[in-house]
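In the numbering used here, the protein residues as written are 1 to 170.
Right, dumping it as structure tokens:
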């Protein structure tokens, strides 16, 4: 089984690694589109926790999601933007908001949407896992069938989590 699927698995993992590299390049290396906009509305983001010993729910405040006049949206971690006029930077390929600035403050480090926040850490973990998996597939001639299946399942799980979070919180 390993020898039959080793080549295609290596190719798929390499393609996923290249796509993630393109996402990072789009967000951090390639030029960004600058947009002058006005915040129209915002909403608070909460995470609901249920105590296992009682029926009470508690809410944890995570941040704010903002909607602009030109139809853009972005979210920040526990930071309220008091000014209405903002300068946004948007990536060309994925259309993610990568920077938010007002006349007085830069909120870019507090962004949760796009390739920021938890999604960034999960994606970096996936990249490290992909590199290790590719090295094992290419250089370990004694890879067991269980190890091969672990590579497939582990990377699929983390790719699913990263994709789910990026689609949910963008």
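Glycine residues also receive a C-beta, built at the ideal position from the N, C-alpha and C atoms. For clarity, every value in this text was computed on a predicted model and none was experimentally measured.
Does the Cβ of residue 72 have 16 or more other Cβ atoms within 10 Å, making it buried, or fewer, making it exposed?
-> By one-based count along the chain shown, residue 72 stands at place 72. By the 10 Å Cβ count, residue 72 comes out buried.
Straight-line gap, residue 164 to residue 52 (C-alpha atoms, nearest Å) | Within the chain shown, numbered from 1, the residue matching residue 164 stands at position 164. Within the chain shown, numbered from 1, the residue matching residue 52 stands at position 52. Those two C-alpha atoms are separated by around 26 angstroms.
Could you have a look at residue 59 and say whether DSSP puts it in helix, strand or coil?
-> By one-based count along the chain shown, residue 59 stands at place 59. Of the three classes helix, strand and coil, the one that applies to residue 59 here is strand, per DSSP.
Considering only residues of the same chain and omitting the five flanking positions on each side of residue 122, which have a CB-CB separation below 8 angstroms?
-> By one-based count along the chain shown, residue 122 stands at place 122. Correct list, in chain order: 158, 161, 162 and 165.
Taking only runs of the alpha helix (DSSP H) that begin and end inside the region 70-158, which ones reach a length of at least 4 residues, in chain order?
-> 118-139
Same chain only: Cβ atoms within 7 angstroms of residue 34, ignoring 5 sequence neighbours per side = Counted from its first residue, the chain shown places residue 34 at position 34. Same-chain partners within the cutoff: 87 and 89.
Spatial neighbours of residue 156 in its chain, beta-carbon cut-off 7 angstroms, leaving aside the 5 residues before and after = Residue mapping note: residue 156 aligns to position 156 of the chain shown, counting from 1. Answer for residue 156: no residue qualifies.
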